[in-house]
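S.K.:
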Amino acid sequence: MSCRFGMVSFLLASLAMGVPGAVNGAPPPSYTIAQIFAEPGLTGYHPEDLEWSPDGRYLSYLLRHPGDAQADLYAVDLGNGKTSMLLSAQQLAGAAAPASAIKNLRERERVTRYHVYSYHWSPKSDAIYFLSNDQVYIYNLSTHRIAQITSAPGAKRDPQLSPDERWISYVSNGDVQYAAVSGGPVRSMAPHAAGVLSGELDWVYTEELDLRSAYAWSPDSRYLAFLQFDERPVQGFPLIDYLDPHPSVYLEKYPTAGSANPVVRLGVFDLQTGKLHWMPLAGSADTYLARFGWLPQGDQVYGEVLNRAQTELQLAVCNPDSGQVRSLLTQKDPDWIDVGDAPHFLKTGGFVWSSQQDGWRHLYLYSDDGRLARKLTHGDYNVLKLAGVNERSGELYFTRYTHGPLNTELYRVSLRDGPVQAVTTTSGVHDIKMNPQADAYLDVYSNVVTPPAYTLTNLQGGRRIDVQAAARLPYHFQKPRFFSILAGDGKTPIYARLTLPPAFDPAKKYPVIMYQYGGPDVAPTVRDAWGGVGFLFDQLLAQQGFILFATDNRAATYFSHRSQALVKNHLGELALADQLAAVDWLKSKPYVDASRIGIWGWSYGGYMTTYALTHAPQVWRAGIAVAPVTQWQDYDSIYTERYMGTPQDNPQGYADSSSVASAGKLDVPLLLVAGTGDDNVHWQNTLQFIQALIDAGKPYQLLVYPNRTHGISGPAARTQLFTAMQDFWQQQLR
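Here the sequence shown stands for residues 278 to 1011, numbered as in my numbering.
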């Protein structure tokens, strides 16, 4: 399925008096819904697939052309600050095409949702390699020549050069295959078997454990470690293409809550001997291999083994030849363990580990034998990401929220000891990508009314290089206001966002559209960050006289793990209590029409819309639920069981959290939206909810998008959907 306090205090005071402060009376936005979703959108093209060279000298990126959307590959030299083109769109060929050119909608969703890169740096930073038309090509930076290095037929994914650059590997037909770059036979590491993936990720690991590759070369290029998924026990879910004259069926392996999982094990293939060794880790349907990789010396492979209940995690290292296992540490939690960054093993010995063991996610330094050396970060906040470690200077960099969820900043701390220091200090959101040496970083910065700007900073001397400035839009936006309200418990502050119409008159009463997501372990809804197409659509609604409102709940990621764990075994209940508190806050304002408040959301937010309207009738006037989960028995095992346990162990919790079971309580207009090709939240959820509405004699409205996946992507589909949403709000709330 992310002087500030003074401003917030002033806003709270003015809102309490019913006068939200001065509002810009300038002309409203003058664009259309179609223009929002037409490529490249109102903000134009921005750098894509940003990647540092392994030696940390270059930052490369793709930049597309207006008109044909093909991409050239550029690189910024950190040393002299100059930007140059490495490869043209013509040279990149198929790798230059936009994701929208991919005809298979599931593959398009995979590429965009999981940020699959179109090119890669070679391990020695002397070449670029890329996939084009199912073959791998390599561009030598010295000779400026492009060579084709594969010729075997068949689609290929996840190409990787070995560290010594002698071998090329890739995934084809569910298996990792490799061959010499200089030519020769293609080999596989394990015998092919139907229903078994060797080195290719299955759906649920990609979606819920954030893995992006299922195999890895050892640093000395001798071994290939890979995950093998036996999916034969997993039920298949049919995704049917009815647009084909002869409808076809794709059977997606999708483990639902309480049902059979894929059996996963870790294999290590020795290229010198041709032998395959299975490491004695996991290997059953009741365990997950959440992370794996190699130690810097290349003589050991590590794995993180998570039990199915996701309450116990073990970090262990294995000898690739003997299979001997040595446990480094074990973590337990009575509620659940969120798997964070992979352990960062230091070349000088020891490793950095991300853990929630004290109730907040912090970074810890451990010795080689797994003994705790020191806690590196402290305080009532969660570390979001380990950005990098500079072993030469002994400094570690990480990101965290500040001022609640509003800002995301970069910080540094010494591995030896010392205070945490802020590196970025500008209010807004800083999305950081450090180079491997952690002596330079790319900062993708935005705030709520400013599109992203891309800036390189060299920490050795502090030099800044502008990669791309923020797009300057010729529109007068209504700036959203940030503040806090009290949650459903009457004492916990939760952050909220309010957008008022142009020429707001506090003596009038306005309809309100509430947006919410509500699910645990995602970036907060309320942030001082550019909201993209959602923000632009909200501005159009504000122009039409709507107030826009959003708030997170006590399970948002800026709260402690213990606070987030309040949702355990009963999803929906806590989020609804906090949304009801938000409704009470809105109704207390003289400028809000209490009889015209709507609610909507997408994915988990779609679930929360159906749950709210069926568990708190007569509160909202209308709702829109896009791609909603409607009962948790239908959703995947890893996500659902993390928070709900299994249906067998928690039948009452599943029943209480179901929108299907309470469908008969729906008493207001509801627009349901679903794509028939959604491989994430299957449209089975929508159909089951509709059947419950029919059985209860309840009316409903439905928008169906044939073959569209979870994001209902594409200019035509998005324009039609958001136009229909706008019309629905006009009909129901005006």
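Glycine included, each C-beta is placed from N, C-alpha and C at the ideal position.
Helix or strand or just coil, what does DSSP make of E384?
M.R.: helix
S.K.: DSSP three-state label for H892, please.
M.R.: helix
S.K.: Tell me whether N962 sits in a helix, a strand or coil according to DSSP, three-state version.
M.R.: Three-state DSSP puts N962 in a helix.
S.K.: Write down every uninterrupted run of the alpha helix (DSSP H) in the segment 778-822 whose length is 4 residues or greater and which is fully enclosed by it, in chain order.
M.R.: 809-820
S.K.: Give the range of the alpha helix (DSSP H) segment to which R995 is assigned.
M.R.: 992-1010
S.K.: To the nearest whole angstrom, what separates the beta carbons of S632 and H621, a pair I think is in contact under 8 angstroms?
M.R.: 13 angstroms between Cβ atoms; not a contact.
S.K.: Please state whether DSSP places F314 in a helix, a strand or coil.
M.R.: helix
S.K.: Find the nearest neighbour of Y868 within the set L843, I379, F823, M466, judged by alpha-carbon distance.
M.R.: F823
S.K.: Give me whichever residues DSSP pairs with E672 in a beta bridge.
M.R.: N667, S691
S.K.: Do three or more CB pairs link the segment 866-882 to the segment 923-932 at distances below 8 angstroms?
M.R.: Remark: fewer than three beta-carbon pairs, one from each stretch, lie closer than 8 angstroms, so the segment 866-882 and the segment 923-932 are not flagged as touching.
S.K.: Leaving aside the five residues before and after R839 along the sequence, list all residues of the same chain whose C-beta is less than 6 angstroms from its C-beta, in chain order.
M.R.: G636
S.K.: Just confirm the distance between the C-beta atoms of G954 and L516, as a whole number of angstroms; I'd bet it's less than 8 angstroms.
M.R.: 6 angstroms
S.K.: Quick check on the DSSP output: what are the complete alpha helix (DSSP H) runs of length 4 or more inside the segment 578-655, in order along the chain?
M.R.: none
S.K.: Kindly indicate which three-state DSSP category Y731 falls into: helix, strand or coil?
M.R.: strand
S.K.: Cα-Cα, which of T309, G796, N957 is closest to Y391?
M.R.: N957
S.K.: Helix, strand or coil: which one does DSSP assign to T427?
M.R.: coil
S.K.: How big is the Cα-Cα spacing for A404 and A593?
M.R.: 34 angstroms
S.K.: Grouping DSSP H, G and I as helix and E and B as strand, with all else coil, what is P515?
M.R.: strand
S.K.: Which residues in the same chain as Q961 place their Cβ atom closer than 8 angstroms to its Cβ, once the five residues preceding and following it in sequence are excluded?
M.R.: F514, D911
S.K.: Using a Cβ-Cβ cut-off of 7 angstroms (strictly less than) and excluding sequence neighbours within five positions of T886, which residues of its own chain qualify?
M.R.: When the five nearest sequence neighbours on each side are left out, the beta carbons in the same chain lying within less than 7 angstroms of the beta carbon of T886 are those of I876, W877, G878, G900, I901, A902, P905, in order along the chain.
S.K.: On the CB-based measure, 16 or more other CB atoms within 10 Å of its CB, does N667 come out buried or exposed?
M.R.: buried
S.K.: CA-CA distance, P783 and A832?
M.R.: 33 angstroms
S.K.: Can you grab the Cα-Cα spacing for the pair A871 / L777, in whole Å?
M.R.: 16 angstroms
S.K.: With a CB to CB cut of under 8 angstroms and the five nearest residues on each side skipped, what residues in its chain are close to L843?
M.R.: Excluding five sequence positions before and after L843, the CB atoms of its chain that fall closer than 8 angstroms to its own CB belong to R831, A832, L851, given in chain order.
S.K.: Tell me whether the beta-carbon of P992 lies closer than 8 angstroms to the beta-carbon of F314.
M.R.: It is a contact, given that the beta carbons lie within the stated cut-off.
S.K.: Can you find the residues in the same chain that come closer than 8 angstroms, C-beta to C-beta, to P510, ignoring five residues on each side of it along the sequence?
M.R.: A537, N538, P539, V540, A562
S.K.: Between the segment 743-759 and the segment 966-985, are three or more C-beta pairs nearer than 8 angstroms?
M.R.: no
S.K.: Start and end of the beta strand (DSSP E) containing T828?
M.R.: 824-828
S.K.: Between the alpha carbons of R499 and Q577, how many angstroms are there, rounded?
M.R.: Note on geometry: alpha-carbon atoms of R499 and Q577 lie some 12 angstroms from one another.
S.K.: Where does K662 land, buried or exposed, given buried means 16+ other C-beta within 10 angstroms?
M.R.: The residue in question, K662, is buried, as its Cβ has 16 or more Cβ neighbours within 10 Å.
S.K.: Nearest to A889 by CA position, among V799, S914, G795, P928, is which residue?
M.R.: Comparing alpha-carbon positions, the option among V799, S914, G795, P928 lying closest to A889 turns out to be G795.
S.K.: Verify whether the separation of the beta carbon atoms of P729 and Y722 is less than 8 angstroms.
M.R.: yes
S.K.: Applying the 10 Å Cβ sphere with the 16-neighbour rule, what's the burial state of L528?
M.R.: Classification of L528: exposed, given that the 10 Å Cβ count is below 16.
S.K.: Buried or exposed: A299, going by 16 or more other Cβ atoms within 10 Å of its Cβ?
M.R.: Reliability of the predicted coordinates at A299 is poor, the pLDDT of 35 falling under 50, and no value is obtained from them.
S.K.: Just the C-alpha distance for M556 and A567, rounded to the nearest angstrom, thanks.
M.R.: 15 angstroms
S.K.: Shortest alpha-carbon distance to I771 belongs to which of D815, N735, A858, N724?
M.R.: A858
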